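Asks:
Number of protein chains: 2
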Amino acid sequence: MVQANTTQDIRLDGHADELEIRDKKDVQALLDRYDAFLFDCDGVIWHLDDREKMTPDAAETINFLKDTGKKVNFVTNNGSKSRGEYLEKFRKHGFNVELEEIHTSGSATAGYVRDVVLPDISDKSKRKVYVIGSDSFEKELQANGLEWTGGTDPEDKEELPPFDYSCIKADPAVGVVVFQFHTQITYKQLTKGFNYLASNEGCRLICTNDNETMLIENGGSAPGAGALLKVLLAALPEDKQPVIVSKPWQEYMDQIRRRTDFDRRRTVFVGDRVQTDVLFANRGGLDSLLVFSGRTQPDDLHHLTAEQAPNYTMSHIGVLQEGKET
Amino acid sequence: MVQANTTQDIRLDGHADELEIRDKKDVQALLDRYDAFLFDCDGVIWHLDDREKMTPDAAETINFLKDTGKKVNFVTNNGSKSRGEYLEKFRKHGFNVELEEIHTSGSATAGYVRDVVLPDISDKSKRKVYVIGSDSFEKELQANGLEWTGGTDPEDKEELPPFDYSCIKADPAVGVVVFQFHTQITYKQLTKGFNYLASNEGCRLICTNDNETMLIENGGSAPGAGALLKVLLAALPEDKQPVIVSKPWQEYMDQIRRRTDFDRRRTVFVGDRVQTDVLFANRGGLDSLLVFSGRTQPDDLHHLTAEQAPNYTMSHIGVLQEGKET
Numbered sequence: 019m020v021q022a023n024t025t026q027d028i029r030l031d032g033h034a035d036e037l038e039i040r041d042k043k044d045v046q047a048l049l050d051r052y053d054a055f056l057f058d059c060d061g062v063i064w065h066l067d068d069r070e071k072m073t074p075d076a077a078e079t080i081n082f083l084k085d086t087g088k089k090v091n092f093v094t095n096n097g098s099k100s101r102g103e104y105l106e107k108f109r110k111h112g113f114n115v116e117l118e119e120i121h122t123s124g125s126a127t128a129g130y131v132r133d134v135v136l137p138d139i140s141d142k143s144k145r146k147v148y149v150i151g152s153d154s155f156e157k158e159l160q161a162n163g164l165e166w167t168g169g170t171d172p173e174d175k176e177e178l179p180p181f182d183y184s185c186i187k188a189d190p191a192v193g194v195v196v197f198q199f200h201t202q203i204t205y206k207q208l209t210k211g212f213n214y215l216a217s218n219e220g221c222r223l224i225c226t227n228d229n230e231t232m233l234i235e236n237g238g239s240a241p242g243a244g245a246l247l248k249v250l251l252a253a254l255p256e257d258k259q260p261v262i263v264s265k266p267w268q269e270y271m272d273q274i275r276r277r278t279d280f281d282r283r284r285t286v287f288v289g290d291r292v293q294t295d296v297l298f299a300n301r302g303g304l305d306s307l308l309v310f311s312g313r314t315q316p317d318d319l320h321h322l323t324a325e326q327a328p329n330y331t332m333s334h335i336g337v338l339q340e341g342k343e344t
Numbered sequence: 019m020v021q022a023n024t025t026q027d028i029r030l031d032g033h034a035d036e037l038e039i040r041d042k043k044d045v046q047a048l049l050d051r052y053d054a055f056l057f058d059c060d061g062v063i064w065h066l067d068d069r070e071k072m073t074p075d076a077a078e079t080i081n082f083l084k085d086t087g088k089k090v091n092f093v094t095n096n097g098s099k100s101r102g103e104y105l106e107k108f109r110k111h112g113f114n115v116e117l118e119e120i121h122t123s124g125s126a127t128a129g130y131v132r133d134v135v136l137p138d139i140s141d142k143s144k145r146k147v148y149v150i151g152s153d154s155f156e157k158e159l160q161a162n163g164l165e166w167t168g169g170t171d172p173e174d175k176e177e178l179p180p181f182d183y184s185c186i187k188a189d190p191a192v193g194v195v196v197f198q199f200h201t202q203i204t205y206k207q208l209t210k211g212f213n214y215l216a217s218n219e220g221c222r223l224i225c226t227n228d229n230e231t232m233l234i235e236n237g238g239s240a241p242g243a244g245a246l247l248k249v250l251l252a253a254l255p256e257d258k259q260p261v262i263v264s265k266p267w268q269e270y271m272d273q274i275r276r277r278t279d280f281d282r283r284r285t286v287f288v289g290d291r292v293q294t295d296v297l298f299a300n301r302g303g304l305d306s307l308l309v310f311s312g313r314t315q316p317d318d319l320h321h322l323t324a325e326q327a328p329n330y331t332m333s334h335i336g337v338l339q340e341g342k343e344t
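Protein chains in written order, with the working numbering: chain A, 19 to 344; chain B, 19 to 344.
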């Protein structure tokens, strides 16, 4: 194993042979160097095309790392399930995992609102939270002891009558609009959020995701959170940007560190995407390990910037079992 | 009346006294100079705060102009009613008006799709039109002999199931997405439109409006067509912009001229807004007359660019009755 200490040392030639972790010696060096492992889930723990199918030896590998005393955490941008639902899924598939080891962009957003956003609003009467989001997201808000309006409130799911906005009421107490993408979003929800952002001075917009597009079953694509966010951004002054609590943004890393103390210099982030996972690790001062069980293939590793270059590559996380004493 | 032949001659000092049409002599000069009058409706024909209340002597004035042989046309950006519905409203209030004298951004958009967009798509099998819009807009499409999918189709009004996009089918025959703002828009409609724009090469986006915000009853604001359009723009290459068929854009003027032949040099546009009406007239090579019965007040006329400067001002259209022989 050639260990790349700085991104300047890295030379990826399309197959990344130099950086590839493949045998017992490589794995042992990795285990010696890192105390904590953060794992992306989609394409790393389970397959992208069937999220109930685990990647080879995934559970055994995670359990082995924990047995050897490593800190293990899971960091996903997919907030379509709550942490509780992810916990059930992990346990069903034989993973030895605890709730506090799971982080979704939804749980991190809720935590960020509680820990950072609300305490920062000095006037307590203006800390009301309006939510555009799903029931899974509401579970995360609840777990963080937050109170909110909106969300799955049936009133907000009703269609807005044609050109009759009388049901949209001013509420100067709303100081935060929290936005989570969901496919049942209505114009009424967007209008309420927009109205608070446009009318309430200093009202903040906090989001779980900013991907503009999503791939769908027919091979086409659909508008993602980032596309819908633009509706709300039309209400914000240009110099005021929303805070996005998902990879690759720093607020997500900060939030994980608030909840799980780890030594940055002895932590490695394991992911399947350059643009989210590797960038997230590099920006947060962590080393990164790119696996080829998900979105990225070895041939994709051309023309990377220093920020996008992983420290190591590996076919799939099961390779880490090479570190087991036999 | 001081007549300003070019925008360079205009000096507006906040009250626009020089340009104001107020007495019989001013009106007579105006009637001598113009054969055709185009009128905006909201804030010009009827009041902004109660659209069933006409501005003073509005019907008498329009009927007087027609009696003296003037061409009269109505040009509104408000497509919440069809032309047929506007015709009923005009007649109910005593206006002598015909259907072909009424233009809405909805009717002009439908006409533009029929006259310009579809003939320009050489492959006939790729001329299918997908509509995001209201039933009033569907009446305009029908009046133009257009066939379409979407619109008020109940299937498109259903909520998209959580993260199940199987109902969104590829349809390479869709070559045009037509977008009209309505308050009952669903994520499913946006997703269908987005998918066609993203997947079908050369698929065009034609819209009736691009206002980003709308004022609402509570004094706040709501996202307008321009804000929702941004969801669809995320699917378009950056060099490809949608065509907007509303004031102040040239396509609307071109479409009115296709339907109603008038001599540009002998036509004046009467409106209540600088940013839409006056700009529209000036860009289209028409003279403009700004009335103070709607959005703009004399004190608003500071710091106008040459493009925004009206040729004349008037308190309300009823002043034109000064031209009547007594």
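Just so it is clear, CB atoms sit at the ideal spot from N, CA and C, and this is done for glycine as well.
Predicted model only: the values in this text are computed from it and were never measured.
Taking beta-carbon pairs under 9 Å, can you tell me which members of the segment 166 to 197 of chain A lie near chain B?
Replies: Taking 9 Å as the Cβ-Cβ cut-off against chain B, the residues of the segment 166 to 197 of chain A that qualify are Lys175, Glu177, Leu178, Pro179, Pro180, Phe181, Asp182, Tyr183, Ser184, Ile186, Lys187, Ala188.
Asks: Pull up the CB-CB distance for B/Ile150 and B/Gln198, whole angstroms please, since I reckon it's below 8 Å.
Replies: Right, the Cβ-Cβ distance comes to about 7 Å (below 8 Å), so this counts as a contact.
Asks: Which residues in the same chain have their Cβ closer than 8 Å to the Cβ of B/Asp174, if we skip the five residues on either side of it in sequence?
Replies: For B/Asp174, where only same-chain residues beyond five positions count, the Cβ hits under 8 Å are Gly168, Thr204, Lys206, Gln207, Lys210.
Asks: Using only alpha-carbon positions, find the residue among B/Asn95, B/Val62, B/Val249, B/Thr79 that is nearest to B/Trp267.
Replies: Closest option to B/Trp267, Cα to Cα, is B/Asn95.
Asks: Per DSSP, A/Trp153 forms a beta bridge with which residues?
Replies: Note on identity: in this sequence residue 153 of chain A is Asp, with Trp being the wrong assignment. Answer is none; A/Asp153 lacks a bridge partner.
Asks: Consider the Cβ of A/His352: report whether some Cβ of chain B lies at a distance smaller than 8 Å.
Replies: Past the boundaries of the shown model lies residue 352 of chain A; chain A is included only from 19 to 344, so the question cannot be answered.
Asks: Chain B partners of A/Leu246, CB-CB under 7 Å?
Replies: Chain B residues near A/Leu246: Val249.
Asks: Output, in chain order, the set of chain A residues within a Cβ distance shorter than 7 Å of B/Ser98.
Replies: Within chain A, the residues near B/Ser98 are Phe181.
Asks: Count the other C-beta atoms from every protein chain shown that fall within 10 angstroms of the C-beta of A/Glu156, then say buried if there are 16 or more, exposed otherwise.
Replies: Classification of A/Glu156: buried, given that the 10 Å Cβ count is 16 or more.
Asks: I want to verify the contact list: residues of chain A whose CB lies under 9 Å from the CB of B/Ala126, in sequence order.
Replies: Near B/Ala126 there are no residues of chain A at all, since even the closest Cβ is about 20 Å away, more than 9 Å.
Asks: Just to confirm before moving on: does the CB-CB distance between B/Arg222 and B/Val135 stay below 8 Å?
Replies: Yes.
Asks: Would you mind telling me which residues of chain A sit closer than 9 Å to B/Tyr270, beta carbon to beta carbon, in chain order?
Replies: Per Cβ cutoff of 9 Å: no residues; B/Tyr270 is ~21 Å from chain A at best.
Asks: Do A/Glu340 and A/Val45 come within 8 Å of each other at the CB atom, strictly closer than that value?
Replies: Yes. Within cutoff.
Asks: Taking 8 Å as the threshold, find out whether the segment 289 to 297 of chain A comes into contact with the segment 305 to 322 of chain A through three or more Cβ pairs.
Replies: As far as the Cβ criterion goes, the segment 289 to 297 of chain A touches the segment 305 to 322 of chain A, which means the pair count is three or higher.
Asks: At which residues does the beta strand (DSSP E) containing A/Ser239 begin and terminate?
Replies: Unbroken beta strand (DSSP E) run through A/Ser239: 239 to 241.
Asks: In chain order, what are the residue ranges of uninterrupted alpha helix (DSSP H) at least 4 long that sit wholly in the segment 48 to 93 of chain B?
Replies: The qualifying runs are 76 to 85.
Asks: Output yes if chain B places a C-beta closer than 8 Å to the C-beta of A/Glu158; else output no.
Replies: Chain B, which has no Cβ nearer than 8 Å to the Cβ of A/Glu158, makes this no.
Asks: Please list, in chain order, the residues of the segment 119 to 150 of chain A that have any C-beta partner in chain D closer than 8 Å.
Replies: Here the protein chains are A and B, and chain D is not one of them.
Asks: Within this structure, are the beta carbons of A/Thr122 and A/Val196 separated by less than 8 Å?
Replies: The answer is no: Cβ separation not under 8 Å.
Asks: For chain B, find out if any of its Cβ atoms is closer than 8 Å to the Cβ of A/Leu48; answer yes or no.
Replies: Closer than 8 Å: no.
Asks: Identify which residue in A/Val93, A/Ile80, A/Ser100 has its Cα closest to the Cα of A/Phe113.
Replies: Among A/Val93, A/Ile80, A/Ser100, the Cα nearest to that of A/Phe113 belongs to A/Ile80.
Asks: Thinking C-alpha only, which one of A/Leu117, A/Gln273, A/Asp41, A/Asp153 is nearest A/Trp166?
Replies: A/Trp166 has its Cα closest to that of A/Asp153, out of A/Leu117, A/Gln273, A/Asp41, A/Asp153.
Asks: Do B/Glu70 and A/Ser184 have their C-beta atoms closer together than 8 Å?
Replies: No. Outside cutoff.
Asks: DSSP state of B/Leu113, grouped into three classes?
Replies: Residue identity differs from the one stated: residue 113 of chain B is Phe in this sequence, not Leu. DSSP places B/Phe113 in coil when its eight states are reduced to three.
Asks: For B/Glu230, which residues in chain A fall below 7 Å Cβ to Cβ?
Replies: Chain A residues near B/Glu230: Ala252.
Asks: Leaving out the 5 sequence neighbours to the left and right, which residues in its chain are closer than 6 Å to B/Asp182 when beta-carbon positions are compared?
Replies: Around B/Asp182: no qualifying Cβ.
Asks: Opposite B/Gly289 in the DSSP bridges: which residues?
Replies: In DSSP, B/Gly289 forms a bridge with B/Leu308.
Asks: Could you tell me if A/Thr86 is buried or exposed, where buried requires 16 or more neighbouring beta carbons within 10 angstroms of its beta carbon?
Replies: Exposed, because fewer than 16 other Cβ atoms sit within 10 Å of the Cβ of A/Thr86.
Asks: Among all the DSSP beta bridges, which residues are the ones paired with A/Gly168?
Replies: A/Val149, per the DSSP bridge assignment.
Asks: Using a Cβ-Cβ cut-off of 6 Å (strictly less than) and excluding sequence neighbours within five positions of B/Tyr104, which residues of its own chain qualify?
Replies: Ile120, listed in sequence order.
Asks: Does the beta-carbon distance from A/Ala252 to B/Glu230 come in below 8 Å?
Replies: Contact: yes.
Asks: Can you tell me which of the three DSSP states B/Arg222 falls into?
Replies: If DSSP states are grouped into helix, strand and coil, B/Arg222 belongs with the strands.
Asks: Have a look at A/Glu116 and A/Asn218 and give me their C-alpha separation to the nearest angstrom.
Replies: Approximately 40 Å, taken between the alpha carbons.
Asks: If you follow the beta strand (DSSP E) that B/Phe197 is in, where does it begin and where does it stop?
Replies: Segment 192 to 197, the beta strand (DSSP E) holding B/Phe197.
Asks: With distances taken Cα to Cα, identify the nearest neighbour of A/Lys110 among A/Trp64, A/Val147, A/Leu322.
Replies: Ranking the options by Cα distance to A/Lys110, first place goes to A/Trp64.
Asks: Among B/Pro180, B/Cys59, B/Pro137, B/Tyr214, which residue has its Cα nearest to the Cα of B/Leu164?
Replies: The candidate whose alpha carbon is nearest that of B/Leu164 is B/Pro137.
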